[in-house]
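Worksheet: one structure, shown below.
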Amino acid sequence: MQDLSELEAELVAAVDAADGPEALDAVRVAALGKKGRLTELMKGLGALDPDARRETGARLNTLRDRVAEALAARKAVLDAAALDIRLEAERVDITLSPTADPLSQGRIHPVAQVIDEVTAIFGAMGFTVAEGPDIEDDFHNFTALNFPPGHPAREMHDTFFLRPHEDGTRNLLRTHTSPVQIRTMLAGPPPHRLIIPGRTYRCDSDQTHTPMFHQVEGLVIDRNIHMGHLKGCLESFAAAFFEVEKVEMRFRPSFFPFTEPSAEVDIRCNRKGGEIRFGEGDDWLEILGSGMVHPNVLRNCGLDPEEWQGFAFGMGLDRIAMLKYGPPDLRAFFDGDLRWLRHYGFGALDWPNLATGLSR
Ligand code: PHE
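The sequence shown: position 186 = 185 (numbering that gives the first Met the number 0), numbered continuously.
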């Protein structure tokens, strides 16, 4: 019989040399299978005399155990290597940049971005968002807002009128978002606290005026509302919007038929060196009109001015978009030039919010 320690060395070497699961299985079959070399040796035990059988049997058992151990150890090594290869091949790169996909190539227009920012800021102050129609009637755009018939402010607005109806009345493109104040107050009981972003129209066109532009209206109706609320609200808004500690504001007396008293609001800025910076400087820039809702407007909406008061403001969204993000010519906002939009636009997935920042 072959020297068993030599056989062991040979079999263990064969096991260690197996370079894959199939090769390893072939080694196992050749050693321990039905016709394997060890199996054959075991079969031969019967022909030995009892003493030799016991001794050789014990050695063969030990040998078989060693070979089985070596097989198991080699299998573990091969399995681990196979797993590594598989993990490597199936790896998902979670750092993959999203920029290649078409969704991320679209751009959010600065006006849409600014509407989202304004909504985030006022949303945090408890305001909801409302909308109204672009095509208005005389009642909502003027009359209910306390413009008497023939009032010069109606002409001041350079209104786009639609063709007259049979009865002589004519619809118009709303000249401001203020008619939605009326729609809101007529639609349900106070308190009201909302902003109304939307398109507005006036017959005007130059570097800072386009016939279609955007405003956001603010309206708060409640008991015991006063100018201090208006001021505090607008100051918090401006600081949040321009992303500075504090924006100094100047409330200039003004006139709107639907507010009393009325104020136009300027913010302090620095225009030196061709760019505008907020929260510093000696220049003032007008950003909105505002005031306490006129008692006649409340009455026109069925509210008792002794019981309910409120404030309102209207702000040019394109204007504050220009101030914050710098496009110099308003007309380019509405040219639909993709190069402009790629330059001034915002990523569709960067939703403005107060937690992670408005514009980043
Ligand atoms: N509607 C006014 C405008 O378009 C702005 C405004 C709104 C003023 C609300 C006062 C109150 O100019």
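We put the beta carbon where it would ideally sit given N, CA and C, even for glycine.
The ligand PHE and Gly197: does any heavy atom of the ligand fall closer than 6 Å to the residue's C-beta? Not under cutoff, so the answer is no.
Anticipated Cβ contact below 8 Å, Phe345 with Arg106, distance rounded: 7 Å
Just to confirm, is the Cβ distance from Pro109 to Ala320 under 7 Å? yes
Does Phe277 come out as helix, strand or coil in the three-state DSSP assignment? Strand, per DSSP.
Any chance the CB of Thr258 is under 6 Å from a heavy atom of the ligand PHE? yes
Answer yes if the region 80-92 comes into contact with the region 320-333, meaning at least three C-beta pairs across the two stretches below 8 Å, and no otherwise. Put simply, the region 320-333 does not touch the region 80-92. Fewer than three CB pairs are less than 8 Å apart.
Can you tell me whether DSSP reads Arg361 as helix, strand or coil? Residue coverage of the chain in this structure runs from 0 to 359, which leaves residue 361 outside it and unanswerable.
Kindly indicate which three-state DSSP category Thr209 falls into: helix, strand or coil? DSSP places Thr209 in coil when its eight states are reduced to three.
Hey, could you find the ends of the alpha helix (DSSP H) Ser177 is sitting in? Here Ser177 belongs to no alpha helix (DSSP H), and DSSP marks it neither H nor E.
Kindly indicate the opening and closing residues of the alpha helix (DSSP H) around Met124. Run containing Met124: none; DSSP gives neither H nor E here.
Does the ligand HEM have even one heavy atom less than 6 Å from the beta-carbon of Gly288? The ligand content of the structure shown is limited to the ligand PHE, which means the ligand HEM is not among them.
Presumed contact (8 Å Cβ cut-off) between Ile194 and Glu216, rounded CB distance: Cβ atoms of Ile194 and Glu216 come within 8 Å of each other, at about 7 Å.
Is Ala311 close to the ligand PHE? I mean its beta-carbon at under 6 Å from any heavy atom of the ligand. Result yes, Cβ under 6 Å from the ligand PHE.
Name the residue from Leu229, Ala239, Phe240 and Val296 whose alpha carbon lies nearest to the alpha carbon of Val264. Leu229
Residues near Thr183 in its chain [Cβ-Cβ closer than 7 Å; skip 5 each side]: Ala129, His191, Leu193 and Leu218
Pick helix, strand or coil for Leu386, following the three-state DSSP scheme. Not covered by the structure: residue 386. The range shown for the chain is 0 to 359.
Pick helix, strand or coil for Gly315, following the three-state DSSP scheme. strand
Would you identify the three-state DSSP class for Arg378, choosing helix, strand or coil? No statement about residue 378 is possible, as the shown extent of the chain runs from 0 to 359 and does not include it.
Tell me the DSSP secondary structure of Val243 in three-state form. coil
Verify the contact flag: Phe255, CB atom, against every heavy atom of the ligand PHE, threshold strictly below 6 Å. yes
Does at least one heavy atom of the ligand PHE sit under 6 Å from the Cβ of His293? For His293, the distance from the CB to the nearest heavy atom of the ligand PHE is not below 6 Å.
Output the distance between the C-alpha atoms of Pro210 and Glu87, rounded to the nearest integer angstrom. 60 Å
Around the Cβ of Asp133, are there at least 16 other Cβ atoms within 10 angstroms (buried) or fewer (exposed)? exposed
Taking all protein chains shown into account, do 16 or more other C-beta atoms lie within 10 angstroms of the C-beta of Trp350, making it buried, or fewer, making it exposed? Residue environment analysis places Trp350 among the exposed positions, since fewer than 16 neighbouring C-beta atoms fall within 10 angstroms of its C-beta.
Return the chain-ordered list of same chain residues with a C-beta closer than 7 Å to the C-beta of Thr55, the five sequence neighbours on each side being excluded. Leu44 and Leu47
Name the residue from Asp18, Tyr343, Arg153 and Val113 whose alpha carbon lies nearest to the alpha carbon of Ala75. Asp18
Could you say if the region 278-286 and the region 233-248 meet the contact criterion of at least three C-beta pairs nearer than 8 Å? yes
In angstroms, rounded to a whole number, what distance separates the CA positions of Ser358 and Glu21? 60 Å
Can we count His225 as close to the ligand PHE, meaning its CB is less than 6 Å from some heavy atom? The nearest non-hydrogen atom of the ligand PHE is 6 Å or more from the C-beta of His225.
Boundaries of the alpha helix (DSSP H) in which Pro49 is found, first to last residue: Pro49 to Ala88
How would you label Val28, buried or exposed, when you count the other beta carbons within 10 angstroms and need 16 or more for buried? exposed
Spatial neighbours of Asp303 within its chain, please: C-beta separation below 8 Å, excluding the five flanking residues on both sides. Leu297
Under a Cβ-count criterion, where at least 16 other Cβ atoms within 10 Å of its own Cβ denotes burial, should Cys202 be classed as buried or exposed? Classification of Cys202: exposed, given that the 10 Å Cβ count is below 16.
By a C-beta neighbour count over all protein chains shown, 10 Å radius and 16 as the cutoff for buried, is Asp317 buried or exposed? buried
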